[in-house]
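Numbering (the numbering used here), first residue to last: 1423 to 1579.
Built from N, CA and C at the ideal position, the CB exists for glycine as well.
Owing to the predicted nature of the structure, the values given are computational and were not obtained by experimental measurement.
Worksheet for the structure shown next.
Okay, structure coming up:
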């Protein structure tokens, strides 16, 4: 299984409850009828990734309730992928895709972008690697800037 993001941590979160005892797993299959039972050893099964953008993590058959912040992070990932790749690389936003995303998803915070000059300026500010596209890292930096500006605005109201 391929990790969803580079920040995937395998295993329990630091400070989480200790793991249950390891399951008992036979070392080797029995040799044949009448042979002694195989030696038993404890083996840790691979843990599920802690970061998942497609479904909430599962714990003993029950869905884990995600925090509002975790839901927001998944919403950011989903929004990026909803618009990226409509015209080319599915992991990057072209100018037209970025404009559509801003106009549909950030209208209340940024207003609607109507002219190409504004789109060009936004893309130029975001495009740190100069490829004329906005990758996820650049997009997240943009979301962080908008969030910080909104925080400052609401803090003074």
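What are the boundary residues of the alpha helix (DSSP H) that residue i is part of?
| i | result |
| --- | --- |
| residue 1495 | 1490 to 1505 |
| residue 1528 | Note, residue 1528: premise wrong, no alpha helix (DSSP H); not H, not E. |
Answer with buried or exposed for residue i, where buried requires no fewer than 16 other C-beta atoms within 10 angstroms of its C-beta.
| i | result |
| --- | --- |
| residue 1487 | exposed |
| residue 1516 | buried |
| residue 1564 | buried |
CB residue i to CB residue j, shorter than 8 Å?
| i | j | result |
| --- | --- | --- |
| residue 1556 | residue 1567 | no |
| residue 1519 | residue 1509 | yes |
| residue 1493 | residue 1506 | no |
| residue 1523 | residue 1501 | yes |
| residue 1541 | residue 1512 | no |
Assuming the contact rule is C-beta atoms closer than 8 Å, residue i and residue j should be a hit. Round their C-beta distance to whole Å, please.
| i | j | result |
| --- | --- | --- |
| residue 1550 | residue 1534 | The Cβ separation is near 25 Å, so there is no contact. |
Please specify which runs of the alpha helix (DSSP H), each continuous and at least 4 residues long, are wholly inside the segment 1532 to 1567, giving them in chain order.
-> 1538 to 1548
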